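Protein chains in written order, with our numbering: chain G, 3 to 448; chain A, 22 to 341.
Heads up: the structure comes next, in structure tokens.
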Amino acid sequence: MEIAMENKEEGKDTNNSEISITRRSVLGAGAVIAGAGVLGSKLIDPIAKTAHAAGSDNPIKIGFQAHRTGIGTVYGKWYERTTNAAAKYINKIGGIAGRPVEIITEDDGTDPKRGADVVEKMATQHKVDFVYGTLFSHVVMGSAPRAGELKIPYFVVSEGYHVASGKLNRYVFQPCITDVRSQITAVSNWIFGNLGKNVTIIYPDYAFGYDHRDYASAAAEKSGGKIVAKIPIPMTEKSFTRYFAKIPKNTDVIYHVMVGPGVLTFVREMGEFFGSNHPQLFGFIDSLEGVNISSPGLGFLDGSYFWEAMPRYADGYDTGGARFYRNAVGVNASGASKSDAKDVSTYSHMFGCWETLFAIKEAVEKSGYRSKKDYGDLIETFEGINFFNEGIAHPQGPKIFSGKTHQCFGQQFISKVQNGKLNVVHKTTIADGIYEPETDYTKQSL
Amino acid sequence: MRKKSLFYSLMLHGGILIILFLLQFILPAYHHSSVSKIMILASYAIGYNFLLGYTGLMSLGHAMFFSAGMYSMGLGIYYLDLSPMNGLIFSFLFSILVSMIFGSFALRTSGVSFLIVTLMFGQTFYLSILYFSEFTFGHDGFSLGKYLEPLFIFGKEYLFSDPGIRYNFALLLLLIYVLITTFIMLSPLGRILIAIRENESRTQLLGYNVFYYKFFALVVSGTFSGVAGAMHGLLFSYIGTTFAEIHHSISPLLWTLLGGVGTLMGPLLGTGIMYYLIDFISEITKNYLLIVGLVLILMIIWFPMGIMGTVRKKWFKWLP
């Protein structure tokens, strides 16, 4: 657009020598003073905080990189609640190595650019001991290099394969949520053995979807199954019917992993397209995290199957640790907030926050970590951990941890939608999801 | 009069750049890094302002240039084993090429049509990065750090992530952009660009080939933006689609409008204010975007020509 600069003088007399106080000038001066105050306090703040840190209470500071805004908001809200609940409980039982835990939260806008800034701010301004809590894989990819440069341990709860792939650095860990590759590997035998051999994959046309496309294809080869079609759908898509027309007629199972705001439309249109005569459906609960499974329009999913990392409904996995965790975070037996039944949790992911804080606690206490100069010992201690036992600290279940890949492996669940509820029908073993490591971070220098 | 303007301009901008140079010795670590980033982003905004502020062409597709420079540098290093400096040169040439191709199509339109065409080009480029994800690493992007050779200065080895290197490279880029822009704007060529902005028909009537001048402005603007993108990738080690998204095209527009359209230091000021506004307010409240929006509205009401534009209008008419 072409613009013309305004050159005309305003018709006001600007040469008035009298000092007049106008409403605008008062507001302007107020804004300047307030701005200067905020700026000054922020610049001086680090000095004050450093002085405080040298005091006797000396908490362990953990910087929580939260998705408070942007596309990760629903997950971010529950990650934050879980983190605060875990920190509250850890402090109640004596903190970490006798020191209280302080969670410092900053919004990354679910944006890799801002994510890297947040890591920087946590490390250099808030002077946290560790940074933690990132979910979305592109934010992890954007933030992890900065964590490596700053040499600050960075614990993610992302389930992406990026940590184990070796793309990141020795300072990045994913200790308490199984990655997508392992999840797919774990459930594929059950899918091809119970639902059918010919599978069509419908996936979002970005990295998360590609992991499913690639690793489900590899798993199909091993399990005697066959991927008969791979149908990518752009994230921005609003209408899906034309994609359903591409599904081959010999398809036994539709494997779908759609995420984002179009999911409900996706399911509704799939129902309209197939009616009652449809292939078996298998999906990843990522599609419906934060969504009530009995919502209007989701009736078509009745009888279909979903992967869950941790069963949303309490009766699906009723252990002591799981009960304690559910209660501490404030989730009811149906997976929604105790204070608002419409506020459905992201139950298959958020346990990772709880467990990661306990994993940090374990590593700090084992390594004798006191301050940043002990990062080397802490990382080597973490890499030496092989197993996390099930219990209050790890309510999702036991985990094998690989020091080479900085990635854990845990059990997975398959649930069936029945009468608007998810009922667990199968639990995998940890061994079902294990794959050979493709990297060894321990060989990188600290 | 022009000599006087040049003198004042050199004093002001030289003073600002000297202050920026000296700041690196006193800033705390976080603000040191933030100012480095602000200078890179301000360089991008200066490129944007070259087209909007001095030539009067508003674009909603500048993220294409920024990301074209960033990706060409990053992928060049990753796939072609280019050295960082050769990567920068490669991105410079690629940015010129992209700008020329884009300009030869987009400048056939004007007004709102030009705006829409820039938007469409920007989105096409963004979606292309996603479409060729096996080559570009798609939505997740990739980290460049481990593929970067270290830098040798006077026989001493430095990493691009070194805070001093980062700060001074960003400052150097800003300095180069300020010098080039000042030089062009105080030359007859700059006067013609401003004439096009003020009245394109009259400029054409005077015998100037308006298309070529606009094409020149667009190529300079696109190349500035591209090299700023490459520098961002080099210094901050991450290449991703977030830099190609629409909001990264809107950002330099906001920074420029806030700081002052058609002023040399407006983009730097606007970028700095916006960066710290978001940074500070997001600590205080979750609803920081609402407050940032309100602050922007108030700023536009108080400074309709941007901060530096208002300063120029009211006090310093010589500001370039």
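Heads up, the beta-carbon is just placed ideally off N, CA and C, and yes, glycines get one too.
All figures in this text were calculated on a predicted structure; none of them were measured in a lab.
Contact set for residue i: own chain, Cβ-Cβ below 8 Å, skip 5 residues either direction
i: isoleucine 37 (chain A); result: Met286, Leu289
i: leucine 278 (chain A); result: Gly291, Ile321, Gly327
i: valine 293 (chain G); result: Val265, Leu266, Leu300, Val346
is_contact[residue i, chain G] using C-beta, thresh 7 Å
i: lysine 235 (chain A); result: no
i: threonine 277 (chain A); result: no
i: threonine 130 (chain A); result: no
i: tyrosine 51 (chain A); result: yes
i: serine 134 (chain A); result: no
i: serine 54 (chain A); result: yes
i: threonine 263 (chain A); result: yes
Rounded straight-line distance, which links the Cα of residue j to that of residue i
i: phenylalanine 276 (chain G); j: cysteine 355 (chain G); result: 39 Å
i: leucine 340 (chain A); j: valine 241 (chain A); result: 21 Å
i: aspartate 181 (chain G); j: histidine 164 (chain G); result: 9 Å
i: leucine 151 (chain A); j: arginine 325 (chain G); result: 42 Å
i: methionine 106 (chain A); j: isoleucine 260 (chain A); result: 17 Å
i: leucine 27 (chain A); j: lysine 167 (chain A); result: 44 Å
i: threonine 430 (chain G); j: methionine 121 (chain A); result: 57 Å
i: arginine 223 (chain A); j: leucine 239 (chain A); result: 20 Å
i: asparagine 329 (chain G); j: glycine 323 (chain G); result: 10 Å
i: glutamate 11 (chain G); j: lysine 338 (chain A); result: Its pLDDT being 40, under 50, glutamate 11 (chain G) is placed unreliably by the model, and the measurement read from it follows with that caveat. Spanning the two alpha carbons is a distance of roughly 13 Å.
i: leucine 72 (chain A); j: methionine 79 (chain A); result: 7 Å
i: leucine 192 (chain A); j: valine 133 (chain A); result: 35 Å
i: glutamate 151 (chain G); j: serine 182 (chain A); result: 7 Å
i: isoleucine 189 (chain A); j: histidine 53 (chain A); result: Note on residue identity: the sequence assigns asparagine, not isoleucine, to residue 189 (chain A). Rounded to the nearest angstrom, the two C-alpha atoms are 11 Å apart.
i: asparagine 279 (chain G); j: proline 298 (chain G); result: 20 Å
i: glutamine 176 (chain G); j: isoleucine 215 (chain A); result: 55 Å
i: serine 241 (chain G); j: histidine 258 (chain G); result: 15 Å
i: threonine 243 (chain G); j: threonine 187 (chain G); result: 29 Å
i: threonine 331 (chain A); j: glycine 281 (chain A); result: 8 Å
i: glutamate 178 (chain A); j: leucine 283 (chain G); result: 57 Å
Residues that DSSP places opposite residue i in a beta bridge
i: histidine 258 (chain G); result: G:Ile204, G:Gly285
i: asparagine 425 (chain G); result: G:Lys418
i: glycine 412 (chain G); result: G:Lys401
i: aspartate 109 (chain G); result: G:Ala68
i: arginine 101 (chain G); result: G:Ile98
i: phenylalanine 175 (chain G); result: G:Phe157
i: alanine 338 (chain G); result: G:Val346
i: tryptophan 309 (chain G); result: G:Phe286, G:Ile416
Any chain A beta carbon closer than 7 Å to residue i
i: arginine 83 (chain G); result: no
i: alanine 218 (chain G); result: no
i: arginine 101 (chain G); result: no
i: serine 188 (chain G); result: A quick correction: the sequence has alanine, not serine, at residue 188 (chain G). It does not; no Cβ of chain A falls within 7 Å.
i: aspartate 113 (chain G); result: yes
i: aspartate 304 (chain G); result: no
i: arginine 70 (chain G); result: yes
i: aspartate 109 (chain G); result: yes
Contacting residues, own chain, Cβ-Cβ under 6 Å from residue i (five flanking each side not counted)
i: glutamate 310 (chain G); result: Ile287, Ser350, Phe415, Ser417
i: glycine 117 (chain G); result: Asp110, Val141, Gly144, Ser145
i: glycine 293 (chain A); result: Ile59
Spatial neighbours of residue i in its chain, beta-carbon cut-off 7 Å, leaving aside the 5 residues before and after
i: threonine 107 (chain G); result: Phe66, Ala68, Glu82
i: leucine 226 (chain A); result: none
i: valine 313 (chain A); result: Leu298, Ile299, Ile302
i: isoleucine 217 (chain A); result: Thr76, Gly77, Thr224, Val231, Tyr234, Lys235
i: isoleucine 229 (chain G); result: Val201, Ile203, Ala218, Ser219, Ala222
i: alanine 127 (chain A); result: Phe135, Val138, Thr139, Phe142
i: phenylalanine 264 (chain A); result: Ala84, Phe87, Ser88, Met91, Gly250
Anything in the segment 161-181 of chain A with a Cβ closer than 9 Å to a Cβ of chain G? List those residues in chain order, please. Asp161, Gly162, Phe163, Ser164, Leu165, Gly166, Lys167, Leu180
Name, going along the chain, the residues of the segment 139-163 of chain A whose beta-carbon falls closer than 9 Å to a beta-carbon of chain G. Leu148, Leu151, Tyr152, Ser154, Glu155, Phe158, Gly159, His160, Asp161, Gly162, Phe163
Looking at chain A, which residues of the segment 123-149 of chain G have a Cβ within less than 7 Å of any of its Cβ atoms? Lys123, Thr126, Gln127, Ser139, His140, Met143, Gly144, Ala146, Pro147
Looking at chain G, which residues of the segment 305-316 of chain A have a Cβ within less than 7 Å of any of its Cβ atoms? Lys307, Leu310
In the segment 67-90 of chain A, which residues sit with their C-beta less than 8 Å from some C-beta in chain G, listed in chain order? Leu73, Gly77, Leu78, Met79
Going along the segment 99-110 of chain A in order, which residues come within less than 7 Å of chain G, judged by CB to CB distance? none
Residues in the segment 150-165 of chain G having any Cβ partner in chain A nearer than 8 Å: Gly150, Glu151, Gly162, His164
Taking beta-carbon pairs under 7 Å, can you tell me which members of the segment 249-261 of chain A lie near chain G? Phe257, Ser258, Tyr259, Gly261
At a Cβ cut of 8 Å, what residues of the segment 193-208 of chain G count as close to chain A, listed as they run along the chain? Asp207, Tyr208
Taking any Cβ of chain G, which residues in the segment 279-303 of chain A have a Cβ under 7 Å from it, in chain order? Gly283, Phe301, Ser303
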